[in-house]
């Protein structure tokens, strides 16, 4: 009975992992890039100034930002001042919401945002900074995908995530010695080696995989399980809006009314008060609602640093500067949700923990990749028998082979092409932001088609080699097209830009080693078998580890 149950779980593990494996690989690659969203953003906008160790004092930056807002946004509904020094805001930034005309609705696109030179207080010319989706676009792809509607995308990703969660659980059940096998790796043993690699990678970051899949489902739980809200509040938009208003109440809704002119309190003392409570350099942002109104309120937000849930903040009266009593603490369910979402996004993480997130995400992609390759390796013998009998391989096997090559090696190349497009498309080209993405998906599409016209093992070597070249040459392209190359960023101590180039070199070396490994196996095949188009890639990949 036990063996029967375990065999059922093995079947479920195999097919849940295979059916959605390629989508999940895309989700893991783009989602992992999201842990360095702001760093990718900076590299893809080389016109922005270098970040050096000579920081501007927060008091000076705050004064320059306030002066700019007083001059250019005196009648706005709200101001936001983002102090420099945080990875999400390396430069001084201001934004504001213009006052709405009567009858005008809200909207995220109403706001104005400007980057300031922290030394001079002057606005950085936005026209000189190239338009790009940056790291944020890659991050959004891991749940929004691309070229399809938002609602369809999050539901498709939700289905794939649930199946991955099921695959993780059934994988633990199937491999009854999974933790013992964690210490076992037998190289050059064909299928056994691939299974060992799959097991080792899976156990190495198992808590991360469970957390990231479960928290991903929690992120969109109201989209995936809407019937509870519908039963209480109805299916209409008004009912759902009422539900979210009650779940996430807005404090300032009760303070609407005619403007009562008043003088905004000086912001410098509020900065001092916040730093006294949190420590020097810990203030990230000022949000000022209704400046120059008697009901004005100033919210001072702390930098992310160890707070997994909501970011701590202090509130002050915008006229008197008096500290406003803190709100009641969140309910247990809200606090739990905040922690789960915080763990998923990892925005609280410092540099070391963020690298651990990155490595864990890459291990997740590797777990999926080894599982997909293992599927073809396990079926090698049957396909070899068909070839010896003069028959063609099964279409499903060949399809999985091509999808594996085009996704595992091809998607990696496509991500590199995204960065290449950022440097090669002219900065003033209309629609360059969209064409960066188009270039990425065109490259991936070609990578998916290419294996259909090549012997599979050769396609592995060629696509891995192309990925290696794309990443290794990217720092050289950066040096040719910009002044933000390693020769400048390393002496300046700008480790964000320098780290990006060094990471690209490391990825290039990894893919070069992988291509060399498979190339050796290709050369070791008998001469009469190697040129045959019908030779299975699994025959070579079997011993590629």
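In the working numbering, the protein residues as written are 80 to 624. Built from N, CA and C at the ideal position, the CB exists for glycine as well.
Keeping to the same chain, check which residues put their C-beta closer than 6 Å to that of residue 160; ignore five residues upstream and five downstream.
Cβ neighbours of residue 160 beyond the five flanking positions: 144, 173, 365.
Cα-Cα separation between residue 591 and residue 539, rounded to whole angstroms:
Note on geometry: alpha-carbon atoms of residue 591 and residue 539 lie some 12 Å from one another.
I'd like to know whether the C-beta atoms of residue 514 and residue 553 end up nearer to each other than 9 Å.
Pairing residue 514 with residue 553 gives a Cβ-Cβ distance that is not under 9 Å.
Using the three-state DSSP reduction, which class does residue 146 fall into: helix, strand or coil?
Helix, per DSSP.
Near residue 220, what residues of its chain come up, given a Cβ to Cβ distance below 8 Å and the 5 sequence neighbours on each side ignored?
Cβ neighbours of residue 220 within its own chain (closer than 8 Å, five residues either side excluded): 105, 109.
For the stretch 530-548 and the stretch 232-245, state whether three or more C-beta atom pairs, one from each stretch, are separated by less than 8 Å.
With a cut-off of 8 Å on Cβ pairs, the stretch 530-548 is not in contact with the stretch 232-245, counting fewer than three such pairs.
DSSP on residue 120, reduced to helix/strand/coil?
Of the three classes helix, strand and coil, the one that applies to residue 120 here is helix, per DSSP.
Decide if residue 602 is buried, meaning its Cβ has at least 16 other Cβ atoms within 10 Å, or exposed.
Around the beta carbon of residue 602, fewer than 16 other beta carbons lie within 10 angstroms, which makes this residue exposed.
Is the distance from the Cβ of residue 97 to the Cβ of residue 450 below 9 Å?
Result yes, Cβ atoms of residue 97 and residue 450 sit closer than 9 Å.
Alpha carbons only, please: which of 570, 531, 484 is nearest the one belonging to residue 593?
Ranking the options by Cα distance to residue 593, first place goes to 484.
Determine whether the beta carbon atoms of residue 494 and residue 112 lie at a separation below 9 Å.
In this structure, residue 112 lies closer than 9 Å to residue 494 by Cβ.
I need the boundaries of the alpha helix (DSSP H) containing residue 362, first residue and last residue.
Unbroken run through residue 362 is the beta strand (DSSP E), 362-368; no alpha helix (DSSP H).
Pick helix, strand or coil for residue 299, following the three-state DSSP scheme.
Reduced to three states, the DSSP call for residue 299 is coil.
Between the CA atoms of residue 323 and residue 316 - distance to the nearest angstrom
Each residue's alpha carbon lies about 11 Å from the other.
Buried or exposed: where does residue 477 fall if 16 or more other Cβ atoms within 10 Å of its Cβ makes it buried?
Burial call: buried.
Does the stretch 140-157 come close enough to the stretch 569-584 that 3 or more CB-CB pairs lie under 8 Å?
Touching, no.
Taking the C-alpha atoms as reference points, what is the distance between residue 319 and residue 157?
Each residue's alpha carbon lies about 27 Å from the other.
Check whether the stretch 194-211 touches the stretch 223-236, taking contact to mean three or more Cβ pairs, one atom from each stretch, closer than 8 Å.
Touching, no.
Contacting residues, own chain, Cβ-Cβ under 8 Å from residue 520 (five flanking each side not counted)
For residue 520, where only same-chain residues beyond five positions count, the Cβ hits under 8 Å are 225, 226, 493.
Is it right to say residue 90 is buried, meaning 16 or more other beta carbons lie within 10 angstroms of its own, or is it exposed?
So residue 90 counts as exposed.
Tell me whether the stretch 400-420 and the stretch 353-371 touch, counting them as touching only if at least three CB pairs, one residue from each stretch, are closer than 8 Å.
Between the stretch 400-420 and the stretch 353-371 there are fewer than three C-beta pairs closer than 8 Å, too few to call the two in contact.
How far does the alpha helix (DSSP H) with residue 487 in it extend, from its first residue to its last?
Judged by DSSP secondary structure, residue 487 falls outside any alpha helix (DSSP H); it is assigned neither H nor E.
Cβ of residue 363 within 9 Å of Cβ of residue 380?
Yes, the Cβ-Cβ distance between residue 363 and residue 380 is below 9 Å.
Compare the C-alpha of residue 76 against each of 560, 555, 551, 445 and name the closest.
With the chain covering 80 to 624 only, the question about residue 76 has no answer from this structure.
Pick out the complete alpha helix (DSSP H) segments inside the stretch 520-559, 4 residues or longer, and give them in chain order.
The qualifying runs are 535-551.
Using the Cα positions of residue 188 and residue 285, report the straight-line distance between them to the nearest angstrom.
The predicted model places residue 188 with a pLDDT of 48, which falls under 50 and marks its position as unreliable, so this point remains unresolved.
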